[in-house]
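Let me begin by presenting the structure, written as structure tokens, before commenting on it.
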Amino acid sequence: MVDARFYSRKGPFTLAEIASLTGASIYENGSSAHANSFSDVAPLDKASTSDITFLDNVKYVENFRASKAGACFIREKFIPQAPLAMQLLISDDPYRAYAKIAQAFYPAAKPNPFISDKSNIAKSASIGKDCTIFPGAFIDEQTIIGDRTVIGPNAIVSYGTTIGSDCNIGGGTTLSHCIIGNRVVLHRNVNIGQDGFGFAMGKDGHVKVPQLGRVVIEDDVEIGSGTCIDRGTGPDTFIGSGSKIDNLVQIGHNVHIGRNAIVVSQVGISGSTRVGDGAVLGGQVGLAGHLRIGAGAKLAAKSGVMSDVPPGASYGGSPAVPIKDWHRQTVTLTKLSHKRRPEDD
Amino acid sequence: MVDARFYSRKGPFTLAEIASLTGASIYENGSSAHANSFSDVAPLDKASTSDITFLDNVKYVENFRASKAGACFIREKFIPQAPLAMQLLISDDPYRAYAKIAQAFYPAAKPNPFISDKSNIAKSASIGKDCTIFPGAFIDEQTIIGDRTVIGPNAIVSYGTTIGSDCNIGGGTTLSHCIIGNRVVLHRNVNIGQDGFGFAMGKDGHVKVPQLGRVVIEDDVEIGSGTCIDRGTGPDTFIGSGSKIDNLVQIGHNVHIGRNAIVVSQVGISGSTRVGDGAVLGGQVGLAGHLRIGAGAKLAAKSGVMSDVPPGASYGGSPAVPIKDWHRQTVTLTKLSHKRRPEDD
Amino acid sequence: MVDARFYSRKGPFTLAEIASLTGASIYENGSSAHANSFSDVAPLDKASTSDITFLDNVKYVENFRASKAGACFIREKFIPQAPLAMQLLISDDPYRAYAKIAQAFYPAAKPNPFISDKSNIAKSASIGKDCTIFPGAFIDEQTIIGDRTVIGPNAIVSYGTTIGSDCNIGGGTTLSHCIIGNRVVLHRNVNIGQDGFGFAMGKDGHVKVPQLGRVVIEDDVEIGSGTCIDRGTGPDTFIGSGSKIDNLVQIGHNVHIGRNAIVVSQVGISGSTRVGDGAVLGGQVGLAGHLRIGAGAKLAAKSGVMSDVPPGASYGGSPAVPIKDWHRQTVTLTKLSHKRRPEDD
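For the protein sequence lines, the chains are A, B and C, in the order given.
So in the working numbering, spot 273 of the first sequence is number 898, and the numbers just go up one at a time.
So in the working numbering, spot 21 of the second sequence is number 646, and the numbers just go up one at a time.
So in the working numbering, spot 181 of the third sequence is number 806, and the numbers just go up one at a time.
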């Protein structure tokens with residue numbers, strides 16, 4: 626079903642292979658009518674007997690009962706409702722299992738290693754084994770690039786930057802004053818390491834404060850197109866391993882983001898704020914500077930956060946408050962505004 | 626009046642030519658003092674007898690009565706208030722007529738066709754007639770580019786991308802996994818077709834869900850600088866013909882935008898949301914995922930939309946509500962906060 | 626303490642040199658135990674006897690009293706609390722003095738002048754003395770670039786653009802239809818001079834209104850990565866001298882920003898709005914079109930401004946109101962929502 630210009634499919638895989646690749650366990654339901662070779666992934670309502678699918682949300686149980694999929698990742702409790710002809714793969718996290726098998730069918734495209742003679746690589750740059758450097762890429766002196774890393778067309782790797790192995794640096798992306806781990810994906814026109822916005826302000830002009838830190842990005846981070854991460858003032862700006870940052874996000878100097886955080890598109894994080902492990906920041910959230918957002922905290926989209934948020938808490942609104950209080954404020958204001966009559970004015 | 630370094634003017638045009646180019650009708654008012662050759666466009670208060678202008682808003686009737694413009698696009702009802710020496714062009718939509726004649730005086734600059742030998746064009750790329758390919762542009766294998774299309778400096782057209790005729794792709798723009806129609810304008814450092822932000826989230830790390838769709842952009846779409854449009858997960862992300870998208874907008878995977886929609890700067894549209902034909906989204910609006918915004922709906926700037934919006938409705942606020950309710954909430958809160966006294970606390 | 630890959634330090638400086646460079650005055654406190662040569666800057670709590678630091682905020686007086694710094698910029702009133710072994714430099718604006726000396730220790734890196742033979746410079750371009758033009762930069766016909774200006778890798782300077790002396794144009798930045806002063810810093814993937822978002826809207830399609838103005842940027846302006854500034858419709862878009870604009874800001878056509886304004890990240894300014902000298906716009910602020918923001922006005926982060934703001938006023942909220950009113954609204958809504966009980970519904 627995919628456009629063959631852009632995607633090529635691996636497989637087919639047997640049920641045993643799929644179980645092994647995903648950590649799911651096969652539920653033996655005694656029927657003999659089952660498929661045992663699977664050639665693609667598909668949603669519940671579109672899957673055929675050669676497809677594998679998943680059920681993750683109780684909302685879709687009806688689709689599950691009617692599905693023609695050859696196999697399905699499900700939680701154990703849904704076994705009784707499965708169609709007879711469907712193979713069952715039991716998982717505590719069916720969507721995660723599905724993601725893994727989808728990756729097996731459609732591994733991320735990887736260009737053949739080559740170094741374009743139309744790239745611009747300085748003499749002292751150290752380029753690892755089996756790298757791909759596209760035309761127009763600029764790689765300055767004293768840079769280090771690990772094995773199998775891809776540098777996209779017209780990307781810019783400025784003086785002294787270090788990039789790990791198996792990274793993918795998108796076209797037009799600019800890097801300076803940064804240290805990047807392994808398996809990091811930077812999409813396109815990302816900007817990492819420019820000066821932070823630091824000035825000694827004054828009526829007669831603002832004096833720039835030299836920004837003397839770096840950006841440190843750990844392993845397995847992914848950063849979306851157009852996102853900007855300023856370098857630290859002296860301390861570093863830091864993005865912990867496994868964190869995923871969407872497009873057009875702004876991250877100020879000295880910000881510290883923990884591991885496995887999620888930062889959705891167009892978020893802005895002001896200088897020196899710390900975001901804990903596994904926190905989730907919804908789209909267009911704004912954080913003031915010098916705050917602490919606890920591990921596992923969740924901020925609703927468009928929140929304007931002006932104070933610390935405890936670990937595990939859910940906040941929303943602007944100024945942001947605990948999410949129940951925000952909902953209560955919204956309801957209160959709605960009711961009061963409907964009660965008002967002209968004579969109240 | 627324009628800076629001749631940047632703009633060159635066509636013309637002059639006669640009144641009959643102007644009427645023909647814009648669909649306006651000439652009102653014969655019997656005076657003989659009229660100009661009949663027009664060499665430029667200008668606003669009401671700056672126009673001279675050789676200029677053509679327009680009246681679109683009743684606020685400017687005084688300027689109209691005092692204007693020295695040689696000709697003016699107006700609605701019929703304003704005829705009695707016109708200066709005697711002014712030629713009148715009657716139109717139901719004077720601003721639209723003005724836009725058309727301004728285009729005639731100042732057609733969009735178009736470089737002479739040439740293909741720079743400092744561009745990087747793969748062997749299997751198919752380049753149409755009379756294209757312009759600037760230095761540093763990277764055009765990968767299996768791409769198709771229509772006639773008279775311009776590819777700006779350092780733009781990136783990745784594997785398999787198809788672009789129609791008479792398009793203008795700005796400098797530094799990156800394209801992949803997309804199909805683009807005719808007469809499409811992409812400004813600069815636009816990013817189309819990167820992976821959507823799709824992960825099976827988990828405490829021990831987030832697993833990427835392969836993004837297997839495309840971005841389909843129909844004819845006559847215009848997209849502003851820095852805007853990002855993610856490709857679909859399996860379905861496509863879709864932008865309907867004639868829609869205009871401003872700078873720094875984020876459009877998530879599987880979003881479907883109808884025809885002739887207007888999306889102002891810094892809007893964010895979450896995954897799988899559908900925006901109907903002719904809808905207008907004000908600046909910095911945020912839309913949650915999986916919503917339906919009806920045809921012709923209008924969303925005030927900075928709205929945070931968390932539920933469907935009916936066709937033709939106007940909404941505002943965050944969470945967004947019908948615009949009258951939003952205004953009522955604002956007034957209610959203002960009044961209540963002014964009524965409060967210390968002893969209320 | 627800095628990473629020597631990225632920064633190199635000048636100095637040391639004597640106390641007299643530091644006073645002279647910053648305009649601070651030396652306070653003779655009679656002790657003989659003082660250092661007189663300083664080799665670095667550091668914060669109060671990390672400084673050693675060879676470092677210079679500053680005290681700007683009364684919150685840090687305890688750190689000041691305990692600091693081991695060899696010298697410190699302070700306001701006169703803090704003299705009595707200084708450690709005995711510390712040299713004192715008296716200044717009305719200690720942070721500004723600190724910024725100046727930090728610049729002396731760490732001047733902005735400046736590449737050696739060179740013009741890459743992998744850049745693309747048109748024949749009629751005029752390039753000043755001692756410029757640096759990186760590989761992949763595209764400099765079109767009829768452009769003028771002043772002395773000692775740096776054009777980053779893959780930057781695009783389109784037809785007719787004028788850039789002053791001592792500017793730094795970042796990698797991937799695109800410029801057209803603009804006139805840029807001296808000592809201007811544009812970070813990376815900045816987009817200046819594209820068409821504004823101007824259409825005569827209609828149900829059957831939107832007609833583009835030619836954008837016939839320019840962007841004029843005065844001296845000493847700094848503009849962050851990813852920021853977009855549209856050119857004027859006929860009048861110019863204007864950024865006054867000394868103004869500092871952060872990353873991912875959107876500035877619409879005909880906007881006029883005065884001198885020494887501060888515009889924080891992700892702000893959006895709609896067409897024809899005027900921002901006065903020294904105004905400060907917090908992160909993610911949105912301004913409607915055709916407004917006047919007075920000189921020295923302050924807009925809290927995330928404000929949605931729909932009406933004029935007087936000079937010197939502080940506003941917040943959305944719709945924005947005087948900041949005291951906004952705080953009162955927030956308090957009122959919080960209290961009312963906590964008072965509500967189920968029987969109120």
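Every residue gets a Cβ at the ideal spot worked out from N, C-alpha and C, and that includes glycine.
Keep in mind the model is a prediction, meaning the values are calculated, not measured.
I'd like to know whether the C-beta of V775(B) is nearer than 7 angstroms to at least one C-beta of chain C.
As a first step, residue 775(B) is located in the second sequence; it is residue number 150 there, counting from the start. Chain C, which has no Cβ nearer than 7 angstroms to the Cβ of V775(B), makes this no.
In chain A, what lies closer than 8 angstroms to H812(C) by C-beta?
Here the question's residue 812(C) lines up with position 187 in the third sequence. Those within 8 angstroms of H812(C) in chain A are N816, Q819, D820.
Considering Cα atoms alone, identify which of H812(A), T787(A), F739(A), V775(A) is closest to G851(A).
Taking the first residue of the first sequence as position 1, residue 851(A) is located at position 226. Nearest C-alpha to G851(A): H812(A).
I think N572(A) touches A762(A), with their Cβ atoms under 8 angstroms apart; what is that distance to the nearest whole Å?
For chain A, the structure presents residues 626 to 970; residue 572(A) sits outside this window and is missing.
Could you compute how far the alpha carbon of N661(B) sits from the alpha carbon of E653(B)?
Taking the first residue of the second sequence as 1, we reach residue 661(B) at position 36. Taking the first residue of the second sequence as 1, we reach residue 653(B) at position 28. Whole-angstrom Cα-Cα distance: 13 angstroms.
Which residue comes first and which comes last in the beta strand (DSSP E) that contains Y731(C)?
Counting from one through the third sequence, the residue named residue 731(C) turns up at place 106. Unbroken run through Y731(C): none, as it is neither H nor E.
Using 7 angstroms as the limit for Cβ to Cβ distance, is P835(B) near chain A?
In the second sequence, counting from the first residue as 1, residue 835(B) sits at position 210. At least one chain A Cβ lies under 7 angstroms of P835(B).
Residues in the stretch 885 to 898 of chain B with C-beta within 9 angstroms of chain C's C-beta atoms, listed in sequence order?
N885, I887, V889, S890, Q891
Using beta carbons (cut-off 7 angstroms, strictly below), is D970(A) in contact with chain C?
Counted from its first residue, the first sequence places residue 970(A) at position 345. Bear in mind that a pLDDT of 47 at D970(A), under 50, signals an unreliable position, so the model cannot answer this.
Counting only C-beta atoms, is I794(C) closer than 7 angstroms to chain B at any point?
For the purposes of this step, residue 794(C) is taken as the residue at position 169 of the third sequence. No, I794(C) does not count as interfacial toward chain B.
Of all the options Q891(B), V930(B), L873(B), N872(B), which has the alpha carbon lying nearest to the alpha carbon of V900(B)?
Here residue 900(B) corresponds to residue number 275 of the second sequence, with the count starting at 1. With distances taken between Cα atoms, V900(B) lies closest to V930(B).
Do the stretch 859 to 867 of chain A and the stretch 826 to 843 of chain A make contact, defined as three or more Cβ pairs closer than 8 angstroms?
yes
Please report the distance separating the alpha-carbon of L961(C) from that of G911(A).
Here the question's residue 961(C) lines up with position 336 in the third sequence. Here the question's residue 911(A) lines up with position 286 in the first sequence. A straight line joining the alpha-carbon of L961(C) with that of G911(A) spans about 26 angstroms.
Output the distance between the C-alpha atoms of G785(A) and D820(B), rounded to the nearest integer angstrom.
Position 160 of the first sequence holds residue 785(A). Position 195 of the second sequence holds residue 820(B). One C-alpha to the other measures close to 29 angstroms.
With DSSP as the reference, label H812(B) as helix, strand or coil.
Residue mapping note: residue 812(B) aligns to position 187 of the second sequence, counting from 1. In the structure shown, H812(B) sits in coil (DSSP, three-state: anything other than H, G, I, E or B).
Shorter than 6 angstroms, the distance from the beta carbon of C756(C) to the closest heavy atom of the ligand MG, or not?
As far as ligands go, the structure on display features none, and thus does not contain the ligand MG.
Length of the line joining the Cα atoms of K949(B) and Y940(B):
Taking the first residue of the second sequence as position 1, residue 949(B) is located at position 324. Taking the first residue of the second sequence as position 1, residue 940(B) is located at position 315. Rounded to whole angstroms, K949(B) to Y940(B) spans 8 angstroms at the Cα level.
Tell me which same chain residues have a C-beta within less than 6 angstroms of the C-beta of E766(B), skipping the five on either side of it?
As a first step, residue 766(B) must be located in the second sequence, where it is residue number 141. If we look at E766(B) and ignore the five residues flanking it on each side, its Cβ neighbours are A747, S749, Y784.
Between which residues of its own chain and I805(A) is the CB-CB distance below 7 angstroms, once the five residues before and five after are set aside?
Residue numbering aside, residue 805(A) sits at position 180 when the first sequence is read from its first letter. For I805(A), where only same-chain residues beyond five positions count, the Cβ hits under 7 angstroms are T787, I788, G789, C792, I842.
Boundaries (first-last residue) of the beta strand (DSSP E) holding T862(A)
For this step, residue 862(A) is matched to residue 237 along the first sequence. Its beta strand (DSSP E) spans residues 862 to 864.
Between D742(A) and P760(A), what straight-line distance do the alpha-carbon atoms span, to the nearest angstrom?
Mapped onto the first sequence, residue 742(A) falls at position 117. Mapped onto the first sequence, residue 760(A) falls at position 135. Taking the straight line joining both Cα atoms gives about 7 angstroms.
Should A724(B) be labelled buried (16 or more other beta-carbon atoms within 10 Å of its own) or exposed?
Within the second sequence, residue 724(B) is the residue found at index 99, counting from 1. Buried: at least 16 other Cβ atoms inside 10 Å.
Quick one: grab the DSSP three-state call for A722(C).
As a working note, residue 722(C) is residue 97 in the third sequence. If DSSP states are grouped into helix, strand and coil, A722(C) belongs with the helices.
On the premise that T774(A) lies in contact with C756(A), defined as a C-beta separation below 8 angstroms, what is that separation, rounded to the nearest angstrom?
Residue numbering aside, residue 756(A) sits at position 131 when the first sequence is read from its first letter. Residue numbering aside, residue 774(A) sits at position 149 when the first sequence is read from its first letter. The pair is a contact, with the Cβ atoms about 5 angstroms apart (cut-off 8 angstroms).
Tell me whether D970(C) sits in a helix, a strand or coil according to DSSP, three-state version.
Numbered from its first residue, the third sequence carries residue 970(C) at position 345. Confidence is the limiting factor: at D970(C) the pLDDT is only 47, short of 50, which leaves the residue's position unreliable, though a coordinate-based value still follows. In the structure shown, D970(C) sits in coil (DSSP, three-state: anything other than H, G, I, E or B).
Counting C-beta neighbours from all protein chains within 10 Å, is the total for A641(B) 16 or more, i.e. buried, or is it exposed?
The sequence position of residue 641(B) within the second sequence is 16, counting from 1. Exposed is the call here.
Can you pull out the residues from the stretch 932 to 954 of chain C whose beta carbon lies closer than 8 angstroms to at least one beta carbon of chain B?
S943, P944, V946, D950, R953, Q954
List the endpoints of the continuous beta strand (DSSP E) containing T678(B).
One-based indexing of the second sequence puts residue 678(B) at position 53. Per DSSP, the unbroken beta strand (DSSP E) holding T678(B) starts and ends at 676 to 679.
Closest by C-alpha distance to L709(C), when choosing among A694(C), T678(C), I715(C):
One-based indexing of the third sequence puts residue 709(C) at position 84. Answer by Cα proximity: A694(C).
Please classify T647(C) as buried or exposed, where buried requires at least 16 neighbouring CB atoms within 10 angstroms.
If you number the third sequence from 1, residue 647(C) lands on position 22. Buried.
Do you know how far the Cα of E687(C) is from the Cα of H963(C)?
Translated into the one-based positions of the third sequence, residue 963(C) becomes position 338. Translated into the one-based positions of the third sequence, residue 687(C) becomes position 62. Near 40 angstroms, if we compare the C-alpha coordinates of E687(C) and H963(C).
Could you list the residues in the stretch 729 to 741 of chain B with a C-beta less than 7 angstroms from some C-beta on chain C, going in chain order?
Y731
Can you name the residues that DSSP bridges to H881(C)?
Within the third sequence, the letter at position 256 stands for residue 881(C). DSSP output for H881(C) lists F863(C), R899(C) as bridge partner(s).
Can you tell me where the alpha helix (DSSP H) holding V686(A) begins and where it ends?
Translated into positions along the first sequence, residue 686(A) becomes position 61. V686(A) -> alpha helix (DSSP H) spans 686 to 691.
Along the chain, where does the alpha helix (DSSP H) containing I699(C) start, and where does it finish?
Within the third sequence, numbered from 1, the residue matching residue 699(C) stands at position 74. Where I699(C) is concerned, there is no enclosing alpha helix (DSSP H), although the beta strand (DSSP E) it sits in stretches over 696 to 699.
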